[in-house]
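> In case it helps, mature numbering (1 follows the signal peptide of the UniProt record, and there is no 0) puts the sequence shown at residues -19 to -1, 1 to 482.
Cβ coordinates follow ideal geometry from the N, Cα and C atoms, glycine included.
I have a structure here, written as structure tokens, and I will follow up with some questions on it.
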Amino acid sequence: MRNIVILMVTMVLSFGAYAAEDKKPSETPSVKPEAKVSVTEHSVRIDGKKIEYVATAGTMLMKNEKGEPKALFGFTAYVKKDTDLRTRPIMFAYNGGPGSASLWLHMGILGPQRTEVIDTEFSDNGPFKRVNNEYSILDKADLVMIDPVGTGLSHAVGEAKNEDFWGTDQDIESVAAFIKQYITENKRWQSPKYILGESYGGMRTAGVAQYLVSNDMIALKGIILVSPFLQLITGFDFGQADLPHILFMPSFAATAWYHDAIPNKPKELQTFIQQAEKFTVEEYAPALMKGASISAADKQMMANKLASFTGVSADYWMLSNLRVDHQAFLKELLKSKQMTVGRIDSRFKGYSLEPIADHTVYDPMTTAVGPQVLATFMDYYATDLGVKDATDYVVFGNVFSKWDFGHKQPNFSGFKMPFPDTGVDLSYAMIQSPKMKVLVQQGYFDMATPFFTTKYMLDHLKIPAELRANIHTEYYMAGHMMYVHPASMAKFKQDLAAFIE
């Protein structure tokens, strides 16, 4: 049972405290479903310049191959006024989950309004502050925030069910279909097109990029992978596979460095990370590969070295057979202080609910940031954007336990792979569209999608050497949602703007 619970929280960004029951379609077969949108006009000031734009928030009706309604797809689009749509870039963006709505990116960094989050601290419990977002991407591109089926206002209609869209491949196909329909209905076929996905949204983005170029001949100018999760197997660090333990280790070191939990702490994080990565590849990985054949002396020596990098005692590493899963690490690191460390952003810490428990019970980052973003978004969505159905907005749907993680890899006629790896899709997309650029944005203190996991995934893409020049990676002194950190927020926008330009 413990493993099942850990699995539910181990995967990717999960604001479970705000989960809602699945929305059943209000329409019945006898009632024709209709798209509803609210269109409003606003302005935002970015880099000292006023940008006027039109916001369209609501739903788009999607149909199946027979022309029958199958879903109302929720979205919020921001389009700059008085511009040439053929040359103006457009960005489609979403969060992950699977099952998360897009409000985190929407109010965190991309949209014209943002939540002013108090970094690494718990704020007063309202009212929360919403401000003009000087880091919005609207000075460089139009923006369409997408809520996949089962999140936001999106839900199945007609004979379809939400569950029909809940799977790796089903999700990829439905989001790709939305993008194709949007650019058709809004005359954006000529626009330079970008897709940005965070967390599980990275798995989706790699799949969508491959699907669009292979099936619809839609070329993307670029894709942006924010704290990406592409390979399911890399998230299972509580089983017998050694690879996840290897990939998490440098993140343990970075977190211990931040919380002053190691002796003789180096001044620069990057220096310590380089040391941790070298140790991981050259010493830790070979030790784990030995399994039970490792000698007692070598095992103790390895435990001592792990303690020096992670701040967790050698005895604990020995008891864990040199394999400490990340939920246990987050609990153990500050256990003597009766504090627990955040998973989404390990800079955050909070009081332990159960001081003697061996795994974390909650995520301090989630409980600190979540209420602020949710309150400001719901206020903004209903008032400024004028969405009348705002009360139906599903922040985190009851999707995960019903998700079909099987994935049929491109150009593979066999069965679905039970552990999806859309890094293969990314490779195919880059090969078929060799001018497509890839920006990867990754935080050092991300314990949901560790930075060394991202590096490993990119280093193992099956692409020609010359195409690797199309991939650019930026790192941030923050976690999964690096944009809650003021300095990282500014860098995020700078890096994203440079990528589009």
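#1: Skipping 5 residues on each side, what residues in its chain have a beta carbon closer than 6 Å to that of ASP476?
#2: Out of curiosity, what's the CA-to-CA distance linking VAL354 and TYR116?
#3: Tell me which residue opens and which closes the alpha helix (DSSP H) that GLN255 is part of.
#4: From this set, GLU166, GLY77, VAL350 and GLN94, which residue's C-alpha is nearest VAL207's C-alpha?
#5: Which runs of the alpha helix (DSSP H), 4 residues or longer, sit entirely within the region 285 to 323?
#6: Which word fits PHE396, buried or exposed, when buried means at least 16 other C-beta atoms lie within 10 angstroms of its C-beta?
#7: Would you mind giving the Cβ-Cβ distance between SER327 and PHE426, rounded to the nearest angstrom? I have them listed as a contact below 8 Å.
#8: Between MET299, ASN167 and ALA58, which lies nearest to LEU66 when the distance is taken from Cα to Cα?
#9: Mapping the DSSP letters down to three states, classify GLY378 as helix, strand or coil.
#10: Below 9 Å between beta carbons: does that hold for ALA141 and ALA52?
#11: Short check: CB of LEU420 to CB of PHE480, under 9 Å?
#12: Does the contact criterion of 3 or more C-beta pairs under 8 Å hold for the region 457 to 468 versus the region 423 to 437?
#13: Whole beta strand (DSSP E) runs in the region 198 to 222 with 3 or more residues, listed along the chain?
#14: Return helix, strand or coil for SER24, following the three-state DSSP convention.
#15: At 4 residues or longer, and completely inside the region 378 to 414: list those alpha helix (DSSP H) runs for me, N to C.
#16: With a threshold of 16 other CB atoms inside 10 Å of the CB of VAL194, please say whether the residue is buried or exposed.
#17: Which same chain residues, not among the five before or five after LYS280, have their C-beta less than 8 Å away from its C-beta?
#18: For VAL465, does the count of other Cβ atoms within 10 angstroms reach 16, so buried, or fall short, so exposed?
#19: Expressed to the nearest angstrom, what Euclidean distance is found between the alpha-carbon atoms of ILE199 and GLU154?
#20: Would you kindly work out how many angstroms separate the C-alpha atoms of PHE381 and PRO79, rounded to a whole number?
#21: Assuming PRO225 and PHE233 make a contact with CB atoms under 8 Å, what is their CB distance in whole Å?
#22: Given a threshold of 16 other Cβ atoms within 10 Å of its Cβ, counted over all protein chains shown, does ASN106 qualify as buried or as exposed?
#23: Pick from SER414, ASP197, ALA349 and ASP370: whose alpha carbon is nearest that of GLU96?
#24: Can you tell me the Cα-Cα spacing of LEU119 and TYR297, whole angstroms?
#25: Considering only the beta carbon of each residue, do PHE358 and MET88 sit closer than 9 Å?
#26: From which residue to which residue does the beta strand (DSSP E) around ARG111 run?
#27: Which partner residues does ALA471 have in the DSSP bridge list?
#28: Per DSSP, what kind of secondary structure is SER19 in: helix, strand or coil?
#29: Considering just the uninterrupted stretch of the alpha helix (DSSP H) at THR236, what are its terminal residues?
#30: Out of ILE205, VAL138 and GLN390, state which residue places its alpha-carbon closest to the alpha-carbon of ILE452.
#31: Where does ILE164 land, buried or exposed, given buried means 16+ other C-beta within 10 angstroms?
#32: With burial defined as no fewer than 16 other Cβ atoms inside 10 Å of the residue's Cβ, what is the status of PRO122: buried or exposed?
#33: Applying the criterion that 16 or more other CB atoms from any shown protein chain within 10 Å of the CB defines a buried residue, is PRO467 buried or exposed?
#34: Should VAL(-8) go down as buried or exposed, given a rule of 16 or more other Cβ atoms within 10 Å for buried?
#35: Just to confirm the assignment, what range does the beta strand (DSSP E) spanning PRO352 have?
#36: Who are the Cβ neighbours of LYS44 in its own chain at under 8 Å, not counting the five residues just before and after it?
Walking through what the data contain:
#1: The beta carbon of ASP476 sits closer than 6 Å to those of GLU455, all from its chain and outside the five residues before and after it, given in chain order.
#2: Their backbone Cα atoms lie some 16 Å apart in a straight line.
#3: Run containing GLN255: 250 to 260, per the alpha helix (DSSP H) assignment.
#4: The shortest C-alpha separation from VAL207 is found at GLY77.
#5: Runs of the alpha helix (DSSP H) inside the region 285 to 323: 295 to 300 and 307 to 313.
#6: Exposed.
#7: Between the beta-carbon of SER327 and that of PHE426 there is about 4 Å, and that keeps the pair under the 8 Å contact cut.
#8: Minimum Cα-Cα distance from LEU66 among the listed residues MET299, ASN167 and ALA58 corresponds to ASN167.
#9: Here GLY378 sits in strand by DSSP.
#10: Yes, they are a contact pair.
#11: Cβ distance < 9 Å, so LEU420 and PHE480 count as in contact.
#12: Verdict: yes, contact present.
#13: For the region 198 to 222, the continuous beta strand (DSSP E) assignments of 3+ residues that do not extend past its boundaries occur at 203 to 207, in sequence order.
#14: SER24: strand per DSSP, three-state reduction.
#15: Fully contained in the region 378 to 414 are the following alpha helix (DSSP H) runs of length 4 or more, in chain order: 404 to 413.
#16: Counting of Cβ neighbours within 10 angstroms places VAL194 among the buried residues, the total reaching 16 or more.
#17: Residues of the same chain with a CB within less than 8 Å of the CB of LYS280, apart from the 5 flanking positions on each side, are ALA268, MET299 and LEU303 in chain order.
#18: The residue in question, VAL465, is buried, as its Cβ has 16 or more Cβ neighbours within 10 Å.
#19: Straight-line spacing of the CA atoms in ILE199 and GLU154 works out to 14 Å.
#20: In a straight line, the C-alpha of PHE381 is about 6 Å away from that of PRO79.
#21: Going by Cβ atoms, the distance from PRO225 to PHE233 rounds to 12 Å, so no, they are not a contact pair.
#22: It is exposed - the Cβ of ASN106 has fewer than 16 other Cβ atoms within 10 Å.
#23: One detail in the question is off: residue 96 reads as Thr in this sequence, not Glu. If we check each option's Cα against that of THR96, ALA349 comes out closest.
#24: Cα to Cα, the separation comes out at about 49 Å.
#25: In this structure, MET88 lies closer than 9 Å to PHE358 by Cβ.
#26: Per DSSP, the unbroken beta strand (DSSP E) holding ARG111 starts and ends at 111 to 113.
#27: Answer is none; ALA471 lacks a bridge partner.
#28: Here DSSP, grouped into helix, strand and coil, assigns SER19 to strand.
#29: Boundaries of the alpha helix (DSSP H) around THR236: 224 to 239.
#30: Taking only the C-alpha atoms, the option nearest ILE452 is ILE205.
#31: Buried, because 16 or more other Cβ atoms sit within 10 Å of the Cβ of ILE164.
#32: Looking at the sequence itself, residue 122 is Ala, so the reference to Pro does not match. The residue is buried, with at least 16 neighbouring Cβ atoms inside 10 Å.
#33: It counts as exposed.
#34: A caution first: VAL(-8) carries a pLDDT of 43, below 50, which makes its placement in the model unreliable, though a value can still be read off. Buried, since its Cβ has 16 or more Cβ neighbours within 10 Å.
#35: Residue range 345 to 363 is occupied by the alpha helix (DSSP H) that includes PRO352, with no beta strand (DSSP E) assigned at that position.
#36: Within the same chain, PRO50 and LYS51 come within 8 Å of LYS44 by CB-CB distance, once the 5 residues on both sides are set aside.
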